[in-house]
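S.K.:
Chains as they are written, first to last, in my numbering: chain Z, 1 to 257; chain F, 258 to 271.
1. What are the uninterrupted segments assigned as beta strand (DSSP E) that are 3 or more residues long and contained completely in the region 100-165 of chain Z, given in chain order?
2. Report all residues from its chain with a CB closer than 6 Å to the CB of residue 19 of chain Z; omit the five preceding and five following residues, and keep chain order.
3. What's the C-alpha gap between residue 203 of chain Z and residue 127 of chain Z?
4. For the region 33-43 of chain Z and the region 234-241 of chain Z, state whether three or more C-beta atom pairs, one from each stretch, are separated by less than 8 Å.
5. So, does the region 116-131 of chain Z touch the region 193-200 of chain Z, judging by three or more C-beta pairs under 8 Å?
6. Assign residue 13 of chain Z to buried or exposed, taking buried as 16 or more other Cβ atoms, counted over all protein chains shown, within 10 Å of its Cβ.
7. Spell out whether any CB of chain F is found under 8 Å from the CB atom of residue 185 of chain Z.
8. Identify which residue in Z:254, Z:111, Z:243, Z:211 has its Cα closest to the Cα of residue 149 of chain Z.
9. Within 10 Å of its beta-carbon, does residue 187 of chain Z have 16 or more other beta-carbons around it, so buried, or fewer, so exposed?
10. Any idea what DSSP makes of residue 83 of chain Z, helix, strand or coil?
11. Could you please give the first and the last residue of the uninterrupted beta strand (DSSP E) stretch that includes residue 27 of chain Z?
12. Whose C-beta lies closer than 8 Å to the C-beta of residue 175 of chain Z among residues of the same chain, with five residues either side of it excluded?
13. Residue 170 of chain Z: buried (16+ other C-beta within 10 angstroms of its C-beta) or exposed?
14. Below 7 Å on C-beta distance, what does residue 235 of chain Z contact in chain F?
15. Given this structure, state the Cα-to-Cα distance separating residue 84 of chain Z from residue 178 of chain Z, to the nearest angstrom.
16. So residue 26 of chain Z packs on residue 123 of chain Z, CB below 8 Å; how close in whole Å?
17. Residue 107 of chain Z: buried (16+ other C-beta within 10 angstroms of its C-beta) or exposed?
18. Can you find the residues in the same chain that come closer than 7 Å, C-beta to C-beta, to residue 152 of chain Z, ignoring five residues on each side of it along the sequence?
19. When DSSP labels each residue in this structure, what does residue 7 of chain Z get in the three-state scheme?
20. In or out: residue 104 of chain Z buried (at least 16 other Cβ within 10 Å) or exposed?
21. Check whether the Cβ atoms of residue 70 of chain Z and residue 118 of chain Z lie closer than 8 Å to each other.
22. Is there at least one Cβ from chain F nearer than 8 Å to residue 126 of chain Z's Cβ?
23. Looking only at its own chain, which residues have a Cβ that is under 8 Å from the Cβ of residue 64 of chain Z, when we skip the five neighbours before and after it?
24. Under DSSP, the beta strand (DSSP E) around residue 251 of chain Z begins and ends at which residues?
25. So is residue 246 of chain Z in contact with chain F if we call contact Cβ pairs under 8 Å?
26. Give the DSSP-derived three-state secondary structure of residue 255 of chain Z in the structure shown.
Okay, here's the thing in structure tokens:
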């Protein structure tokens, strides 16, 4: 039996909205540690790793490890039927072929349940090596989203270059070119607005903007985003989910022909 | 145009 109750049910809707553009079908892995998902997009260029710890839920029970295969799009459609302030409870039997989502309004006056059929999905688990990254940038997630969106009006790829002074996002395209530089700065009163650059050595890598714009769908989950890069390695774009876990996206760099 | 790397080149299948 799997049962998980989340007072802030809207969190799961935001998570689904941040994954469904990249991956169609995926397995949610439920265990005593929590609720997790690892999935690659169909072209094997990007990977999502999402983890919600069991202690972040108001109630969490998972008697045995369970893999729930779902269409992320259909699950997102169901979660759209949940009120913004609703409490969410997920339930699934160990050998069952469905998962139930129960939505309770804050005043308990409306209770609804939606059942989603599960699917058998062959998933490939990838081993992600622990890496000491050359550079890690923490910045406001909305700023990162804006930069990716703005640069997409000019080009398809972005060169992200980190130096100790700042991080520069550059693109070129048929109509011209664009650069945005974000400098490190601290803000004691508003930590969510600060930009922190932790750099061992300068690093510059090129990525497809299309994927970064998909990752930015996670912006409502966190005020800050952490971008970790090393030479010739996939970038990690991580959004921490307060008191619960994270959603991390890995994206393979582009290389010069 | 730069070539797109693939994640399989970096992460091993478990």
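Heads up, the beta-carbon is just placed ideally off N, CA and C, and yes, glycines get one too. In this text the structure is predicted, and so the values were computed from the model without any measurement.
M.R.: In short:
1. 111-117, 135-140, 157-162
2. 48, 72
3. 24 Å
4. no
5. no
6. buried
7. no
8. Z:211
9. exposed
10. coil
11. 25-31
12. 154
13. buried
14. Correct list: empty, because the minimum Cβ distance to chain F is about 11 Å.
15. 38 Å
16. 7 Å
17. exposed
18. 209, 213
19. coil
20. buried
21. yes
22. yes
23. 94
24. 245-251
25. no
26. strand
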